[in-house]
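Encoded as structure tokens, the structure appears first; notes follow it.
In my numbering, the protein residues as written are 99 to 286.
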């Protein structure tokens, strides 16, 4: 049963889509970062999310004691990720994954530096979730055919900034939306 709005108030229409505007603004930003408020309500916890537009002069990011997982969606450009000494070239519309306790370095290409968004996560179901979408240390790069996946990364960053107090729920929901889209793309 629909309840009519209180007298004197008009029923509001759907909220306007602001993400197109936010995407335009994000292209102009060089770096945006969110530390996600942590909770124990999920078997996956997202603790960082962000966006970066790099230059070819950016030094490699070296991780020797990274304790979680990370996924980076590349919007443009290219770069290299090294996992346990094995180098992988990463391009536009690909996601590269980082793993706990793996010697890691990643850096942009000098001529075509990348612009990417990332989500850092951990949890009791993290490895199992990645295995479900066919990602592991031997297969850390996914080609993405669905442009909605990149949009989900950016919406995660912007909504976590906007709603800090519930950023843990927002970020976990976007994590699962991204994983579901990847699973659909990979056929299951």
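Virtual Cβ for every residue (Gly too), placed ideally from N, Cα, C.
Bear in mind the structure is a predicted one, so any value in this text is a computation, not a measurement.
For residue 221, which residues of its own chain have a beta-carbon under 6 Å away from its beta-carbon, when the five flanking residues on both sides are left out?
Along the chain shown, read from residue 1 onward, the residue named residue 221 stands at position 123. Excluding sequence neighbours, residue 221 sits near 141, 142 and 143.
Tell me where the beta strand (DSSP E) around residue 146 begins and ends.
Mapped onto the chain shown, residue 146 falls at position 48. Per DSSP, residue 146 belongs to the beta strand (DSSP E) from 143 to 151.
Going by C-alpha to C-alpha distance, which of 193, 214 and 206 sits closest to residue 232?
Counted from its first residue, the chain shown places residue 232 at position 134. Considering only alpha carbons, the answer is 193.
To the nearest angstrom, how far is the alpha carbon of residue 178 from that of residue 267?
Position 80 of the chain shown, counted from the start, is the residue given in the question as residue 178. Position 169 of the chain shown, counted from the start, is the residue given in the question as residue 267. Computed Cα separation, rounded: 31 Å.
To the nearest angstrom, report how far apart residue 181 and residue 209 are at their CA atoms.
For this step, residue 181 is matched to residue 83 along the chain shown. For this step, residue 209 is matched to residue 111 along the chain shown. Answer to the nearest angstrom: the Cα atoms are 22 Å apart.
Count Cβ pairs between the segment 211 to 218 and the segment 143 to 154 that sit closer than 8 Å; are there 3 or more?
yes
Let me make sure I understand the geometry here. Which of 228, 255 and 213 has the alpha-carbon closest to that of residue 284?
As a working mapping, residue 284 is identified with position 186 in the chain shown. Looking at the Cα atoms, 228 is the closest of the given residues.
Restricting to Cα atoms, I'd like to know which of 200, 191, 256 and 175 is closest to residue 280.
As a first step, residue 280 must be located in the chain shown, where it is residue number 182. If we check each option's Cα against that of residue 280, 191 comes out closest.
Using DSSP with H/G/I as helix, E/B as strand and the rest coil, what is residue 260?
On the chain shown, residue 260 is found 162 positions in, with the first residue counted as 1. Residue 260 falls in the helix class under three-state DSSP.
Proximal residues to residue 172 (C-beta, below 8 Å), its chain only, five neighbours per side dropped
Here the question's residue 172 lines up with position 74 in the chain shown. Closer than 8 Å at Cβ, skipping near neighbours: 188, 189, 190, 191, 192, 193, 194, 212, 213 and 214.
Rounded separation between residue 255 and residue 264 - CA only
Your numbering for residue 255 matches position 157 in the chain shown. Your numbering for residue 264 matches position 166 in the chain shown. Distance between the alpha carbons of residue 255 and residue 264 is about 13 Å.
Just the C-alpha distance for residue 198 and residue 160, rounded to the nearest angstrom, thanks.
In the chain shown, the residue the question calls residue 198 occupies position 100. In the chain shown, the residue the question calls residue 160 occupies position 62. When rounded, the distance between both Cα atoms is 13 Å.
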